[in-house]
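Heads up: the sequence shown begins at 1223 in my numbering, then just goes up one per residue. We treat Cβ as the ideally placed atom computed from N, Cα and C, and that holds for glycine. Here's the structure, in structure tokens; my notes come after.
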Amino acid sequence: DEVKVSGSASFRGRVSARLLSLAGSAKIHGDVKAGTVKAAGSLSLDGALEADSVRVAGALRAESIRAAVVKLSGSFNVGKGIEGESIELRLSNNSSAPIVKGERVSIGAEEKPSILKLLRRRRTPELRVGRVEAKVVSIEDVVVKGDVKAEKVELLGSGRIDGSVEGEVVKR
């Protein structure tokens, strides 16, 4: 009922487990259904990822993600979208998903901007999205390229939206 991988692995077909723990590089040719998914490194998924909790640090490619709790840090490309109750996205590089939908969505940079990074002219990470929908959306030190619909939208630091905004906007 547990699948644990350290190093490199490839799976053909659906993966079902109470716990899926990956460290290194994994390619899954099919869907994943799990209680908890923890991945560090690179995860490439040709199907849907459905779990109670998803935590990925590194690079992620998937068709879709649906979980109560979603925490992604690094960069990701999700073909059909991300759906959950609590979604936390920490970007190191540009990432994309057509829709991000949850109760509370937090989108920020993996690292705070520093003087050294500003001197190196490192670009602010961008989330390319068709739409972000939530009760509360928090955007900190990243650019959301797409539309945002929420009861409350919090813009923190250099966070900004390149798209339409529906809801109360608070800048801090």
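Item: Considering only the beta carbon of each residue, do residue 1393 and residue 1374 sit closer than 9 Å?; Value: no
Item: Check whether the Cβ atoms of residue 1261 and residue 1278 lie closer than 9 Å to each other.; Value: yes
Item: Leaving out five residues on either side along the sequence, give the residues of the same chain with a beta carbon under 6 Å from the beta carbon of residue 1253.; Value: 1236, 1269 and 1270
Item: How many whole angstroms separate the CB atoms of residue 1311 and residue 1328, which I take to be in contact at a CB cut-off of 8 Å?; Value: 7 Å
Item: Would residue 1264 and residue 1248 qualify as a contact pair, given that the criterion is a beta-carbon distance under 9 Å?; Value: yes
Item: Measuring alpha carbon to alpha carbon, tell me which residue in 1385, 1353, 1350 and 1333 is nearest residue 1379.; Value: 1333
Item: Just to confirm the assignment, what range does the beta strand (DSSP E) spanning residue 1274 have?; Value: 1270 to 1305
Item: Output needed for residue 1290: all residues of its chain with C-beta closer than 8 Å, excluding positions within five of it in sequence on either side, in chain order.; Value: 1274, 1275, 1306, 1307 and 1308
Item: Taking residue 1258 as part of the beta strand (DSSP E), name the residues at either end of that continuous run.; Value: 1254 to 1267
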